[in-house]
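Remarks on the structure that follows.
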Ligand SMILES: C[S@@+](CC[C@H](N)C(=O)[O-])C[C@H]1O[C@@H](n2cnc3c(N)ncnc32)[C@H](O)[C@@H]1O
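Residue numbers (the numbering used here): 3 to 290.
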């Protein structure tokens, strides 16, 4: 069954990994809801992912903490809208809630419905922390869908696109970036993560990477898009500010540690915008 037909399993898996990382004594991310949202199914997939890629929970912790720091930074500097593209079971709308900030969660109808059903089961989770917007990036325009739900293109917004681009076709990645470039307020920011071409093609020479690629295929969410340099695509779609940070660099900033064997070098974060942002979040700002 494909992603079009049912809620995302990779979203459930990453929630389980986030729960695991949140329980570490030296945790760099804190998601108190993740374990309940992931459930048994999430745990099973998380265990499988770690057999192929042992530092998977640390990798996910870095991803969560790095993005959290950027969202917080944006909110502190008076940003009033945060959009989570491909939100999955992300709980930032509650964890990073601020009285002046509206959160929008964009996802496929199936994943969005699954999320809302799961949230209803949580004791104390405010369902109205976010406005839920359905959109399939393969054939729908996210900003158009957001505007129908109350999102304003007259105000700057921070767009998070976490753990999503590699499941999309290049056409969908381009269309989503174009939608952001053409319609979002020019002081808006878009932050997403990417995998290298070799990684999504299972061509890194690592058996574990081949298993990871096979695992997401088995889950019905195969990798489709990888890039070694997203700058040309982002420039062609109208963006004029691009800042790329490798996972190794983010992990070093957040944990002070580096291990070559972790193989975090095939993944990067991309922060981009239509123009140079007036508030630049430097990498060291992610350190707490
Ligand atoms: C690995 S999950 C990441 C979820 C969340 N961002 C996180 O990091 O916890 C991938 C998410 O992308 C969404 N997604 C995948 N393909 C999509 C598409 N074509 N349109 C909209 N959302 C999509 C899935 O529904 C799922 O929620």
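The beta-carbon is built from N, C-alpha and C at its ideal position, and this holds for glycine as well.
As the structure is a computational prediction, the values presented were derived from the model and not from experiment.
Rounded to whole angstroms, the Cβ separation of residue 136 and residue 114 is 5 Å, and the two are in contact under 8 Å. For residue 88, the Cβ falls inside the 7 Å cut-off from some heavy atom of ligand 1. Using a Cβ distance threshold of 8 Å, residue 17 and residue 87 do not count as a contacting pair.
DSSP, reduced to helix, strand and coil, places residue 25 outside both helices and strands of the structure shown, so it counts as coil. A Cβ-Cβ separation of about 4 Å places residue 145 in contact with residue 185 under the 8 Å criterion. Residue pairing by DSSP places residue 163 opposite 194 in a beta bridge. Judged by the Cβ position, residue 148 fails to qualify as a neighbour of ligand 1 at the 7 Å threshold, every heavy atom of the ligand being at least this far. Burial state of residue 28 is exposed, judged by a 10 Å Cβ sphere holding fewer than 16 other Cβ atoms. Taking every protein chain shown into account, the CB of residue 237 has fewer than 16 other CB atoms within 10 angstroms, so this residue is exposed.
Contact between residue 253 and residue 103 is absent: CB atoms are separated by about 28 Å, not below the 8 Å threshold. In this structure the segment 172 to 182 touches the segment 222 to 237; the number of beta carbon pairs closer than 8 Å is three or more.
Contact check for residue 20 and residue 36: beta-carbon distance about 4 Å, within the 8 Å limit, so the pair qualifies. The segment 243 to 253 and the segment 57 to 72 touch, with three or more beta-carbon pairs separated by less than 8 Å.
For ligand 1, no non-hydrogen atom lies closer than 7 Å to the CB of residue 231. Within the segment 111 to 166, the complete beta strand (DSSP E) segments of 3 residues or longer fall at 132 to 136 and 159 to 163, listed in chain order. Counting only the Cα atoms, residue 44 lies some 14 Å from residue 220. Between ligand 1 and residue 137, a heavy atom-to-CB distance of less than 7 Å is present.
Exclusion of residue 240 from the 7 Å shell around ligand 1 follows from its C-beta lying no nearer than that to any non-hydrogen atom of the ligand.
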